[in-house]
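**Student:** Have a look at this one before I ask anything.
Numbering (the numbering used here), first residue to last: 203 to 485.
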């Protein structure tokens with residue numbers, strides 16, 4: 203008898219527990235604050251912190267879009283980087299301060315970029331030019347260029363001067379070519395011609411060749427397009443050069459000055475610019 207009563211009591215307790223569990227399982231809508239917290243917790247982790255701060259990536263200069271000012275090169279000077287300017291980024295004691303770094307990375311071991319005992323390049327001997335006026339009747343041009351250079355007028359549409367100095371591993375050259383056209387080229391057409399000329403130069407005896415972007419500059423009293431190049435010839439000689447083109451009176455004028463690497467300023471100022479500032483059209 204007592205066993206039956208105990209069994210009935212146990213069944214009643216089990217039923218009560220089941221009903222209580224069903225009531226606690228009821229869910230309620232999530233509040234807006236809870237939804238926002240959930241979204242924040244599930245958001246992806248942000249990128250790792252940049253140890254040098256949020257420095258924006260500098261935009262690469264495009265010489266073809268007109269933003270580059272080639273007049274900075276006028277007078278023989280070329281554009282220079284601020285790091286090369288004397289006195290730049292120095293404190294009152296004349297010392298260059300170390301770059302700042304966020305504190306959590308302070309004490310990190312710096313990486314040595316250049317060996318301390320890196321050999322100093324041997325200075326190149328200085329060059330100086332005296333000038334003569336060259337008359338080229340076949341091209342209807344006259345201009346000033348270094349005196350004593352060897353002239354080659356065997357081609358009817360071009361004229362070449364070569365530096366006879368035997369001490370150089372590459373004989374510098376000045377070549378002027380004149381091509382008659384049926385019209386005057388615009389800047390886009392001149393840019394295409396300059397790039398094609400660079401392709402031709404690169405295919406002539408180079409084992410390595412690099413070129414700059416193009417830029418605009420006055421030449422033959424017209425808007426010209428020019429570019430720089432450098433490379434290593436198959437015989438190991440390292441050279442550089444500049445080519446510029448302009449169109450005037452339906453004539454395409456092409457000037458190419460090449461020289462040993464290391465003498466860029468000497469030849470750009472003393473040969474290329476000298477020609478550009480003295481060339482005249484003759485009858």
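A virtual CB, placed ideally from N, CA and C, is assigned to each residue, including glycine.
Just so it is clear, the structure is predicted and the values come from calculations on it, not from any experiment.
1. What is the residue span of the alpha helix (DSSP H) that residue 469 lies within?
2. Going by the beta-carbon positions, is the gap between residue 359 and residue 462 smaller than 8 Å?
3. Assuming residue 441 and residue 396 are in contact, meaning their beta carbons sit under 8 Å apart, how far apart are those beta carbons, in whole angstroms?
4. Considering only DSSP beta bridges, list what residue 213 is partnered with.
5. Which of helix, strand or coil does DSSP assign to residue 457?
6. Ignore the nearest five residues each way along the sequence and tell me which others in residue 473's own chain have a CB closer than 8 Å to its CB.
7. Does DSSP put residue 415 in a helix, in a strand, or in coil?
8. Are the CB atoms of residue 363 and residue 352 within a distance shorter than 8 Å?
9. How many angstroms separate the CA atom of residue 402 from the CA atom of residue 379?
10. Would you kindly report the start and end of the unbroken beta strand (DSSP E) that includes residue 345?
11. Short of 6 Å in beta carbon distance, which residues of its chain neighbour residue 546, apart from the five on each side in sequence? Order them along the chain.
12. Is residue 476 near residue 361, with beta carbons less than 8 Å apart?
13. What is the DSSP secondary structure of residue 392, reduced to helix, strand or coil?
14. If you follow the alpha helix (DSSP H) that residue 475 is in, where does it begin and where does it stop?
15. Any idea what DSSP makes of residue 354, helix, strand or coil?
16. Below 8 Å on the Cβ atoms is my guess for residue 465 versus residue 329; work out the distance and round it to an integer in Å.
17. Is it buried or exposed, residue 416, if we count other Cβ atoms within 10 angstroms and call 16 or more buried?
18. Do residue 414 and residue 430 come within 8 Å of each other at the CB atom, strictly closer than that value?
19. Residue 446 and residue 454 look like a contact to me (Cβ under 8 Å); what is the Cβ gap, rounded to whole Å?
20. Between residue 327 and residue 469, what straight-line distance do the alpha-carbon atoms span, to the nearest angstrom?
21. Would you kindly work out how many angstroms separate the C-alpha atoms of residue 366 and residue 399, rounded to a whole number?
22. Based on the DSSP output, what are the partners of residue 387 in its beta bridges?
23. Going by DSSP, what residue range makes up the beta strand (DSSP E) through residue 326?
**Tutor:** Well, looking at it:
1. As a working mapping, residue 469 is identified with position 267 in the chain shown. Per DSSP, the unbroken alpha helix (DSSP H) holding residue 469 starts and ends at 466 to 469.
2. Translated into positions along the chain shown, residue 359 becomes position 157. Translated into positions along the chain shown, residue 462 becomes position 260. Not closer than 8 Å, so no.
3. Looking up residue 441 in the chain shown gives position 239. Looking up residue 396 in the chain shown gives position 194. The pair is not a contact, with the Cβ atoms about 18 Å apart (cut-off 8 Å).
4. Numbered from 1 along the chain shown, position 11 holds the residue referred to as residue 213. Answer is none; residue 213 lacks a bridge partner.
5. Along the chain shown, one-based indexing puts residue 457 at 255. DSSP places residue 457 in strand when its eight states are reduced to three.
6. Mapped onto the chain shown, residue 473 falls at position 271. Only 331, 347, 348, 374, 376, 459 and 461 meet the Cβ criterion.
7. For this step, residue 415 is matched to residue 213 along the chain shown. Three-state DSSP puts residue 415 in coil, outside helix and strand.
8. Position 150 of the chain shown holds residue 352. Position 161 of the chain shown holds residue 363. Contact: yes.
9. Locating residue 402 in the chain shown gives position 200, counting from the first residue. Locating residue 379 in the chain shown gives position 177, counting from the first residue. Residue 402 and residue 379 have their C-alpha atoms spaced approximately 15 Å apart.
10. The residue you call residue 345 lines up with position 143 of the chain shown. Run containing residue 345: 343 to 348, per the beta strand (DSSP E) assignment.
11. Here the chain comprises residues numbered 203 to 485, so residue 546 is not present and cannot be evaluated.
12. Numbered from 1 along the chain shown, position 274 holds the residue referred to as residue 476. Numbered from 1 along the chain shown, position 159 holds the residue referred to as residue 361. In terms of Cβ geometry, residue 476 and residue 361 do not form a close pair [threshold 8 Å].
13. Along the chain shown, read from residue 1 onward, the residue named residue 392 stands at position 190. In the three-state reduction of the DSSP assignment, residue 392 falls in the helix class.
14. Counted from its first residue, the chain shown places residue 475 at position 273. 475 to 480 is the extent of the alpha helix (DSSP H) around residue 475.
15. Start at 1 with the first residue of the chain shown, and residue 354 comes out as number 152. Assignment of residue 354 by DSSP, reduced to helix, strand and coil, places it in the strand class.
16. Residue numbering aside, residue 465 sits at position 263 when the chain shown is read from its first letter. Residue numbering aside, residue 329 sits at position 127 when the chain shown is read from its first letter. About 7 Å separates the two Cβ atoms, so the contact holds.
17. Looking up residue 416 in the chain shown gives position 214. The C-beta of residue 416 has 16 or more other C-beta atoms within 10 Å across all chains shown, which makes the residue buried.
18. Position 228 of the chain shown, counted from the first residue, corresponds to residue 430. Position 212 of the chain shown, counted from the first residue, corresponds to residue 414. Yes.
19. For this step, residue 446 is matched to residue 244 along the chain shown. For this step, residue 454 is matched to residue 252 along the chain shown. Taking a contact as a CB-CB distance under 8 Å, the pair residue 446 and residue 454 does not count as one, their CB atoms being some 11 Å apart.
20. Taking the first residue of the chain shown as 1, we reach residue 327 at position 125. Taking the first residue of the chain shown as 1, we reach residue 469 at position 267. Going by the C-alpha atoms only, they are around 14 Å apart.
21. Walking along the chain shown from the start, residue 366 turns up at place 164. Walking along the chain shown from the start, residue 399 turns up at place 197. CA-to-CA, the gap between residue 366 and residue 399 works out to about 25 Å.
22. Position 185 of the chain shown, counted from the start, is the residue given in the question as residue 387. DSSP links residue 387 through a beta bridge to no other residue.
23. Within the chain shown, residue 326 is the residue found at index 124, counting from 1. No beta strand (DSSP E) holds residue 326; DSSP gives it neither H nor E.
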